[in-house]
Amino acid sequence: WHDSSSRIHNCYNSIGSWFQQGITGIKPDPAAVGFKKIIIEPTFPDGLKHASSEYDSVRGTIGVSWKKTKKWISVDIEIPVGSEARVLLPANESDLILESGKAIAMGNGIGKIRRRKKEAEITVKSGNFSFSISRET
Numbered sequence: 001w002h003d004s005s006s007r008i009h010n011c012y013n014s015i016g017s018w019f020q021q022g023i024t025g026i027k028p029d030p031a032a033v034g035f036k037k038i039i040i041e042p043t044f045p046d047g048l049k050h051a052s053s054e055y056d057s058v059r060g061t062i063g064v065s066w067k068k069t070k071k072w073i074s075v076d077i078e079i080p081v082g083s084e085a086r087v088l089l090p091a092n093e094s095d096l097i098l099e100s101g102k103a104i105a106m107g108n109g110i111g112k113i114r115r116r117k118k119e120a121e122i123t124v125k126s127g128n129f130s131f132s133i134s135r136e137t
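Sequential numbering from 1 applies to the sequence shown in my numbering.
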């Protein structure tokens, strides 16, 4: 044990990684290096009403914050300059998805929008995005 080194044991690093990658869903896309491409795939477990995390990548801060109520899931995302992200959200094909309070549409940093049975995949460029998904059926 060298007195000049940190005394923080690294066995708890995986816990932080689990929150960041598992709960807020910040992951590097294996298709690119250096967080040029990012995957944002948050999970919304029962009993947890909100979560947030940031990751300081080589390109800048990547941030995700989400909150759920009985009627809505809200997800705020920050993507650094020079990066793009695939955002995967739990939404049926007919669920209402808003971005900054308006029906989601391509443009203003939003690229492809793919709707599947239980998931929406949205490609975004750098910037800040505020998604809301209606939980009413």
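We put the beta carbon where it would ideally sit given N, CA and C, even for glycine. It should be emphasised that the depicted structure is a prediction, and the values quoted were computed from it without experimental measurement.
Option nearest residue i by Cα separation, candidates the options
| i | options | result |
| --- | --- | --- |
| G82 | G34, L89, D46, E121 | G34 |
| G25 | F129, P80, L88, L48 | L88 |
| S57 | K125, K27, G107 | K27 |
| I38 | Q21, K68, K117, L98 | Q21 |
| N108 | R116, K118, K125 | K125 |
| K70 | D46, K102, S52 | D46 |
| R114 | S53, F44, A32, N92 | N92 |
Any C-beta of chain C under 8 Å from that of residue i
| i | result |
| --- | --- |
| A51 | Any reference to chain C falls outside this structure, which holds one protein chain only. |
Residue range of the unbroken beta strand (DSSP E) whose run includes residue i
| i | result |
| --- | --- |
| S132 | 127-134 |
| E78 | 72-79 |
| G63 | 60-68 |
| V33 | Note, V33: premise wrong, no beta strand (DSSP E); not H, not E. |
Nearest-angstrom beta carbon gap, residue j and residue i [assumed within contact, 8 Å]
| i | j | result |
| --- | --- | --- |
| W66 | H50 | 6 Å |
| P90 | R59 | Actually they do not touch by this definition, with Cβ atoms about 27 Å apart. |
| A105 | I40 | A105 to I40, Cβ: 19 Å. No contact. |
| D95 | I133 | 6 Å |
| E78 | I97 | Their Cβ separation, rounded to whole angstroms, is 19 Å, which puts E78 and I97 out of contact at 8 Å. |
Coarse secondary structure for residue i, derived from DSSP in three states
| i | result |
| --- | --- |
| G107 | strand |
| Q20 | helix |
| A148 | Residue 148 lies beyond the range of the chain shown here (1 to 137); nothing can be said about it. |
| D56 | strand |
Sheet register partners of residue i (DSSP bridge)
| i | result |
| --- | --- |
| I40 | I26, V87 |
| L98 | A103, S132 |
| R115 | A120 |
Residue i: CB within 7 Å of a non-hydrogen atom of the ligand ADP
| i | result |
| --- | --- |
| A105 | Absent from the structure shown: the ligand ADP. Ligands present: none. |
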